[in-house]
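In the working numbering, the protein residues as written are 10 to 152. Cβ coordinates follow ideal geometry from the N, Cα and C atoms, glycine included.
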């Protein structure tokens, strides 16, 4: 299964010039756990719920006084839409992230999250069974 098969295509973004408060309001309104931060339309970072809590705790400042580009996670880790889900999971685990923006030809085309992967678990099981059955048939044909 490929990343394009389960990624979310509508990605919520905020401009790098807004505050953490502004971005948090966007996240609450969209009922999402992260927002991509863009500069001139180009994705440059991601702000997660964890980043927001960290920024508030470390700075002791109000969210309306923290620039979003200072609180967001850098550098942005991405994945291609034609990457396998297995490769995306490995990248998430290796980098310690739960969300990967999906980029094709330097253009943002979606986002894939741990939640997306868990939601498609039954699809992975079906695909594994199908592949296993195909391998068994191939092996029996070799006989």
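Residues near residue i in its chain [Cβ-Cβ closer than 7 Å; skip 5 each side]
{"i": "residue 113", "result": "89, 90"}
{"i": "residue 65", "result": "72"}
{"i": "residue 80", "result": "29, 56, 60, 61, 64"}
Residue i, buried or exposed, once every other Cβ within 10 Å from all chains shown has been counted against 16
{"i": "residue 4", "result": "Lying before the first or after the last residue shown, residue 4 is absent from the chain, which here runs from 10 to 152."}
{"i": "residue 43", "result": "buried"}
{"i": "residue 67", "result": "exposed"}
{"i": "residue 115", "result": "exposed"}
{"i": "residue 50", "result": "exposed"}
{"i": "residue 143", "result": "exposed"}
8 Å Cβ cutoff met for residue i and residue j
{"i": "residue 109", "j": "residue 100", "result": "yes"}
{"i": "residue 25", "j": "residue 53", "result": "yes"}
{"i": "residue 12", "j": "residue 127", "result": "no"}
{"i": "residue 125", "j": "residue 15", "result": "yes"}
{"i": "residue 106", "j": "residue 86", "result": "yes"}
Close Cβ partners of residue i (< 8 Å) along its chain, the five nearest in sequence each way excluded
{"i": "residue 28", "result": "72, 73, 74, 75, 76, 77"}
{"i": "residue 93", "result": "10, 11, 12"}
Whole-angstrom C-beta distance between residue j and residue i, which should lie under 8 Å
{"i": "residue 41", "j": "residue 55", "result": "Not confirmed; about 11 Å, so no contact."}
{"i": "residue 119", "j": "residue 20", "result": "6 Å"}
Proximal residues to residue i (C-beta, below 6 Å), its chain only, five neighbours per side dropped
{"i": "residue 141", "result": "none"}
{"i": "residue 17", "result": "119, 120"}
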